[in-house]
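Engineer: Residue numbers (this note's numbering): 15 to 76.
Could you have a look at this structure, given as structure tokens, before my questions?
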């Protein structure tokens, strides 16, 4: 194949790949996550641990 025939094919492939990448990016940004009870429980436990650490710090300073 000559370069003259190859360039349009390469540009088409590059365009299709970039369009597919943009499509996947937009789709991933617009996708909402299903509510996960485990994630909420972990966040609650982290918050409780932070509160306990603050309480221990205050008791140690007193």
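The C-beta atom is built at its ideal place from N, Cα and C for all residues, glycine as well.
Quick caveat: nothing in here was measured; it's all calculated off a predicted structure.
Counting only the same chain and skipping the five closest in sequence on each side, list residues whose C-beta sits under 7 Å from that of residue 63.
Structural biologist: none
Engineer: Helix, strand or coil for residue 46? Go by DSSP, reduced to three states.
Structural biologist: Residue 46 carries a coil assignment under DSSP once its states are collapsed to helix, strand and coil.
Engineer: Can you tell which of 58, 33 and 43 has its C-alpha closest to the C-alpha of residue 50?
Structural biologist: 58
Engineer: Indicate the three-state DSSP secondary structure (helix, strand or coil) for residue 32 in the structure shown.
Structural biologist: Note: residue 32 maps to helix in three-state DSSP.
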